[in-house]
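Engineer:
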Amino acid sequence: MSELELRLADLRAEIDFPPAPQLADAVERTISSAPRRRRSLRPLAVALAVVLVATLGVLALSPGARSAFLELFRLRGASVARVERLPQVEPIERIELLGVRVPLATARKQAGFELVDLGEPDQVYLRGDGLVTLVYGSIERPRLLLSQVPGAVWDGFVKKVGGLGSSIEEIDVDGERGLYVSGERHFVMYLDGAGRIADDRAYLAGTTLLWNRGELLLRLEADVELAEALELARAVR
Amino acid sequence: MSRPPREDELVERARRGDGAAFGALVRDQEEIAFRTAYLITRNAADAEDAAQTALVKAFYALPRFRRSAPLRPWLLAIVANEARNRLRAGGRREALALRAGHELPSARGGVPGSELPSGGAAPSPEGRVLAAEARAELLAALESLGEEDRLVLSCRYLLDLTEAETAETLSLRRGTVKSRTSRALERLRAELGER
């Protein structure tokens, strides 16, 4: 440890942090006061009990609201994005190339990494190389694809797709590197989990956002502008 | 006398819906969870709200927690995400401050800014003043850094997280934490005029 690091470590005991509240008690109270049905709704990944209680009421009153809620992305501050509002996007590749359709639970079990999502997907595809793709909308009329695989954005990506009529922009998603690709049909090239250069293709005739999240490479395909793509990317959990 | 349950046993019970078991797990982590949220939101009320919400979310997300993984960084990552959400929502931000009438820091002989000179002799009144000034200067320099730099240094040194824990908490790759820490330290040195 350098001298500066030692001084920072010494500073630790000197910071006047506000006293930590008794979170454990509050959390226990919240958990115990939530309705028992909550556990069956885990796949929705909507965990905040207060929100859940309110939502169950809505669903009970209005069955039609259920699908709308299932497609509700997470609350991010004041903004709420809904996948159902996204336009349908024309598939440009055979969807079989995404692998085989499996239940979400199977994908979670077999992926070998913790899946992230934008709410419960309508369909899930698992491919032999470990790629998991969550489909929002239907496979015939997709609105958004969220693919994930251990890997990283590849430095050579920009150079490789240049000249194919695509516009590529380097972006930052929560401090992690990413690329926003729009325009004509393009390939997606990335470093796979073993550090080898792999390639895949875009499946939808929209735009593609590629970004790193820890050890994962995430790929979002939809017909959205950069700002909306970034908002969606940040809502992925 | 029965031994206290191990973390993995509590996790298993919590996964089956045992709120008390999860409470026991959280009790060990509540201070660092709150501090993590506070370092991001810089607002005690927001930090409490974020940490509490995140921990409730973590309870429901336990089926997705890898059994072999350490719990703390997984919890902190959820807390940090929730805190970032609050940060974007806006609100008043507080600056970090030093304790008034603080205790002596741990002895690290001869380290500038420490109150104990090598040899362990009691510091003179002048030495105390100089040490306090050095700490204040260091904190001000840390506070002046960009958010990315400040957060990675805060996790590593103010929360005492390992590189791996910092990576998981901030949803970064470990290599990114290493390089970002190195760059942040360089910027901090520059802020302190120590280049």
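Protein sequences appear in the order of chains A and B.
Note that numbering that gives the first Met the number 0 has the first sequence beginning at 0, numbered continuously upward.
Note that numbering that gives the first Met the number 0 has the second sequence beginning at 0, numbered continuously upward.
C-beta atoms are modelled at their ideal positions from N, C-alpha and C, and glycine is treated no differently.
1. Could you give the first and the last residue of the continuous beta strand (DSSP E) run that contains Glu220/A?
2. Would you mind reading off the limits of the alpha helix (DSSP H) that contains Leu208/A?
3. Can you pull the chain C residues whose beta carbon is under 8 Å from the beta carbon of Ile14/A, in chain order?
4. Does the beta carbon of Gly192/B sit closer than 8 Å to a beta carbon anywhere in chain A?
5. In whole angstroms, what is the alpha-carbon distance linking Arg179/B and Pro120/A?
6. Measuring only between beta-carbons, confirm whether Leu74/B sits less than 8 Å from chain A.
7. Note down the Cα distance separating Arg15/B from Ala163/B, rounded to an integer number of angstroms.
8. Let me confirm a value: Gln109/A is counted as buried when at least 16 other C-beta atoms fall within 10 Å, else exposed. Which label applies?
9. Leaving out five residues before and five after Glu81/B in sequence, what residues of the same chain have Cβ atoms less than 6 Å from its Cβ?
10. Given that Glu147/B touches chain A, what residues does it touch there, using C-beta distances under 9 Å?
11. Give me the chain A residues within the contact set of Glu47/B, using Cβ-Cβ distance strictly less than 8 Å, ordered along the chain.
12. Closest Cβ-Cβ distance between Glu162/B and chain A: below 8 Å?
13. Should the segment 202 to 215 of chain A be regarded as contacting the segment 8 to 28 of chain B, the criterion being three or more beta carbon pairs within less than 8 Å?
14. Do you know how far the Cα of Val180/A is from the Cα of Glu168/A?
15. With 16 as the cutoff for other CB atoms within 10 Å, does Thr105/A come out buried or exposed?
16. What residues in its chain sit with their C-beta under 6 Å from that of Gly136/A, if we drop five residues either side in the sequence?
17. Under a CB-based cut-off of 8 Å, is Ala82/B close to chain A?
18. Applying a beta-carbon distance threshold of less than 8 Å, which residues of chain A neighbour Glu29/B?
19. Which of the three DSSP states is assigned to Ile170/A in this structure?
20. Considering only residues of the segment 26 to 66 of chain B, which uninterrupted alpha helix (DSSP H) runs meet the minimum length of 4 residues and lie entirely inside it, listed in chain order?
21. So who's on the other strand from Val131/A, going by DSSP bridges?
22. If Asp116/A and Ser170/B are in contact, beta carbons under 8 Å, what's the gap, nearest whole angstrom?
23. Pull the bridge partners of Tyr179/A from the DSSP assignment, please.
24. Here's the rule: buried if 16 or more other CB atoms are within 10 angstroms of the residue's CB, otherwise exposed. What is Glu125/B?
Structural biologist: So, from the listed chains and residues:
1. One-based indexing of the first sequence puts residue 220/A at position 221. 215 to 221 is the span of the beta strand (DSSP E), which, as asked, contains Glu220/A.
2. As a first step, residue 208/A is located in the first sequence; it is residue number 209 there, counting from the start. Taken as a continuous stretch (DSSP letters only), Leu208/A belongs to no alpha helix (DSSP H), being part of the beta strand (DSSP E) at 206 to 212.
3. Given the protein chain composition of this structure (A and B), no chain C is represented.
4. The sequence position of residue 192/B within the second sequence is 193, counting from 1. Cβ-Cβ to chain A under 8 Å: no for Gly192/B.
5. One-based indexing of the second sequence puts residue 179/B at position 180. One-based indexing of the first sequence puts residue 120/A at position 121. When rounded, the distance between both Cα atoms is 35 Å.
6. Start at 1 with the first residue of the second sequence, and residue 74/B comes out as number 75. Using a CB distance cut-off of 8 Å, Leu74/B does not count as an interface residue toward chain A.
7. Translated into positions along the second sequence, residue 15/B becomes position 16. Translated into positions along the second sequence, residue 163/B becomes position 164. Roughly 28 Å separates the two Cα atoms.
8. Along the first sequence, one-based indexing puts residue 109/A at 110. Classification for Gln109/A: exposed.
9. Within the second sequence, residue 81/B is the residue found at index 82, counting from 1. Only Ala49, Thr52, Ala53 meet the Cβ criterion.
10. Residue 147/B sits at position 148 when you count from the first residue of the second sequence. Residues of chain A passing the Cβ test: Gly174.
11. Numbered from its first residue, the second sequence carries residue 47/B at position 48. Near Glu47/B (Cβ distances below 8 Å), the residues of chain A are Pro20, Leu22.
12. For this step, residue 162/B is matched to residue 163 along the second sequence. So, not an interface residue.
13. no
14. Within the first sequence, residue 168/A is the residue found at index 169, counting from 1. Within the first sequence, residue 180/A is the residue found at index 181, counting from 1. Looking at the two C-alpha atoms, the distance is approximately 7 Å.
15. Here residue 105/A refers to the residue found at position 106 of the first sequence. Under this definition Thr105/A is an exposed residue.
16. If you number the first sequence from 1, residue 136/A lands on position 137. Closer than 6 Å at the Cβ level, and outside the excluded window around Gly136/A, lie Arg142.
17. In the second sequence, counting from the first residue as 1, residue 82/B sits at position 83. Under the Cβ distance rule, Ala82/B does not count among the residues neighbouring chain A, no pair being separated by less than 8 Å.
18. Within the second sequence, the letter at position 30 stands for residue 29/B. By Cβ distance, chain A contributes Ala19, Pro20, Gln21, Leu22, Ala23.
19. Position 171 of the first sequence, counted from the start, is the residue given in the question as residue 170/A. Strand at Ile170/A.
20. Every alpha helix (DSSP H) of 4 residues or more that sits fully in the segment 26 to 66 of chain B is shown, in chain order, as 43 to 60.
21. Taking the first sequence and counting its residues from 1, one reaches residue 131/A at position 132. DSSP, once it has assigned bridges, lists Leu125/A, Gln147/A as partnering Val131/A.
22. Taking the first sequence and counting its residues from 1, the one referred to as residue 116/A is at position 117. Taking the second sequence and counting its residues from 1, the one referred to as residue 170/B is at position 171. Incorrect: roughly 15 Å between the Cβ atoms, too far for contact.
23. Against the first sequence, residue 179/A aligns to sequence position 180. Paired residues: Glu168/A, Leu208/A.
24. As a working mapping, residue 125/B is identified with position 126 in the second sequence. Exposed is the call here.
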